[in-house]
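Below: one structure, written as structure tokens.
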Amino acid sequence: MNFQLEITMATLSNNPVTARAHTNIALIKYWGKKDESLIIPYTSSLSLTLDHFYTDTTVWFDESLSTDQIIIDGQIPSEKSRQRVHDFLEIVRGKAQIAIPASISSTNHVPTAAGLASSASAFAALAASASEAAGLHLDATELSKLARRGSGSACRSVFGHFVEWQRGTNDADSYAKPLPDSGLNDIRVVALTVERGQKAVSSRQGMHLSVTTSPYYPAWVKTCQADLLQLKSAIEKGDFTRFGKISELNAMRMHALTLSADPSFTYFNGQTLAIMNLVKQLRHQGTECYYTIDAGPNVKVLCQQSTVAKISATFAQVLGDQNVIIAKPGPGVQYL
Ligand code: PMV
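In the UniProt record's numbering, the protein residues as written are 1 to 336.
Encoded structure:
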């Protein structure tokens, strides 16, 4: 027993592990936790993992440290971020039955607060690198459950392309799984940045307020399930029109929860609304595209390979080239 322990510790301290995870955009949104501590959602959700935005994270457990050392994008993070990473590492240490501090270095290749939840790629990459460095060797399902504990949307970033997070009812059955290959592999997401600042209401706060005060929350739970089934069928059949319509509608239904909360709030700003109108205008002129929006003012335009050049050029004229990024379906977690 002692011998085994020594072997494990030796492996732990000499084995830095680096993992890369890509972020994802939700098409059927996750908005509300049934269990805030375990992060069990009220509804299942569906996303597309994106190639353009990712996080690389290196972790090793080091007995010579007295406390966790955390560097994010070359800097010591805020106390709040440090605590969040530390709390997550405590879960990993608990699973591995170790009590050794870790050294973590993480680099985000995601425009900060661009509304493309970097917490999804960040916690998926941290879950993968930390669990492997701790000697846990989790399979993809277990990794998804672990990533979920850091940030709900992170459980979907373990997998590539279209991914469904099955809400489940507890820690053991709430995890994501990839959807079968679809006829929509030519899908493109044009990420438009209208604001770079931090959002005033975090998704955690926004969800809580929506669940506890919006009279429409029960209706959201009901319609989300129906939206999810319809979207899955559209993906399976490669039906882009239905895919776009359902995604856009589901996003608006989520934002209706913020407007109907008490106190009411919104993630939109004036430019968000202008972009939404421009998407509709393009559509009416025959260039098929749809929008989706997460917990921030920035808009993601859903289109296909055949129209992406025209659509991105139109938005570059309005917002400038630097605020328009084209993303394609991306891969799941990789070890580098
Ligand atoms: O995983 P969180 O806590 O960052 O919440 C994500 C919330 C949305 O991005 C708005 C929706 C989603 O399903 O990703």
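No residue lacks a Cβ here, since even glycine has one placed at the ideal position from N, Cα and C.
Checklist entry - Can you name the residues that DSSP bridges to GLU164? => result LEU46, LYS177
Next on the checklist: Tell me the rounded alpha-carbon separation between TYR335 and GLY238.
Outcome noted: 31 Å
Item to check | VAL274 burial status per 10 Å Cβ neighbour count (16 or more: buried) | outcome: Checking the sequence, you will find Ala at residue 274 rather than Val. ALA274 is exposed by the Cβ-count criterion.
Next on the checklist: Under DSSP, the beta strand (DSSP E) around HIS22 begins and ends at which residues?
Outcome noted: 17-28
Checklist entry - Does DSSP put CYS303 in a helix, in a strand, or in coil? => result strand
Checklist entry - Given that a residue counts as buried once 16 or more other Cβ atoms are within 10 Å of its Cβ, and exposed if not, what is ASN269? => result exposed
Item to check | Counted within 10 angstroms of its Cβ, other Cβ atoms place ASN185 as buried (16 or more) or exposed | outcome: exposed
Checklist entry - Can you find a heavy atom of ligand 1 that lies under 6 Å from the Cβ of SER129? => result no
Next on the checklist: Please report the distance separating the alpha-carbon of ARG188 from that of GLN305.
Outcome noted: 6 Å
Checklist entry - Do you know offhand how far ALA113's Cα is from ALA96's? => result Confidence is the limiting factor: at ALA113 the pLDDT is only 44, short of 50, which leaves the residue's position unreliable, though a coordinate-based value still follows. If you take the alpha carbons of ALA113 and ALA96, they lie about 33 Å apart.
Checklist entry - For ligand 1, is there a heavy atom less than 6 Å away from the beta-carbon of LYS29? => result yes
Item to check | Supposed close pair GLY332, PHE159 - CB separation, criterion 8 Å | outcome: 4 Å
Next on the checklist: Under 8 Å: do the segment 169-179 and the segment 275-295 share three or more Cβ pairs, one atom per stretch?
Outcome noted: no
Checklist entry - Hey, how far is the Cα of ILE72 from the Cα of ASN298? => result 23 Å
Next on the checklist: Output needed for VAL318: all residues of its chain with C-beta closer than 6 Å, excluding positions within five of it in sequence on either side, in chain order.
Outcome noted: none
Item to check | Extent of the continuous alpha helix (DSSP H) run through GLN271 | outcome: 270-284
Checklist entry - Can you name the residues that DSSP bridges to ARG188? => result CYS303
Next on the checklist: Run through the DSSP bridge pairs and tell me what GLN322 is partnered with.
Outcome noted: None; GLN322 has no bridge partner.
Checklist entry - Do the CB positions of ALA295 and GLY206 come within less than 7 Å of each other? => result yes
Checklist entry - Between which two residues does the beta strand (DSSP E) carrying TYR291 extend? => result 290-293
Item to check | Among ILE311, SER264, LEU259, MET254, nearest to VAL279 - alpha-carbon criterion | outcome: ILE311
Item to check | Best match in ARG242, VAL163, ASN277 for proximity to PRO180 [C-alpha to C-alpha] | outcome: VAL163
Next on the checklist: Can you look up ALA140 in the DSSP assignment and give me helix, strand or coil?
Outcome noted: helix
Checklist entry - How about LEU228 and SER44: do their beta carbons lie closer than 7 Å? => result yes
Checklist entry - Given residue 407, which residues of its chain have a CB within under 6 Å of its CB, disregarding the five upstream and five downstream residues? => result No answer is possible for residue 407: the residues shown for the chain start at 1 and end at 336.
Item to check | Limits of the beta strand (DSSP E) - the one that THR107 falls within | outcome: 102-109
Checklist entry - Which residues in the same chain have their Cβ closer than 6 Å to the Cβ of LEU38, if we skip the five residues on either side of it in sequence? => result ASP171
Next on the checklist: What does the alpha-carbon distance come out to for the pair ASN15 and PHE240?
Outcome noted: 45 Å
Item to check | Same chain, Cβ closer than 7 Å to SER210, neighbours up to 5 away in sequence not counted | outcome: TRP31, GLY32, TYR217, LEU257, THR258, ALA261
Checklist entry - Mapping DSSP to helix, strand and coil, what is THR212? => result helix
Item to check | C-alpha distance - ARG20 paired with VAL201, whole-angstrom precision | outcome: 28 Å
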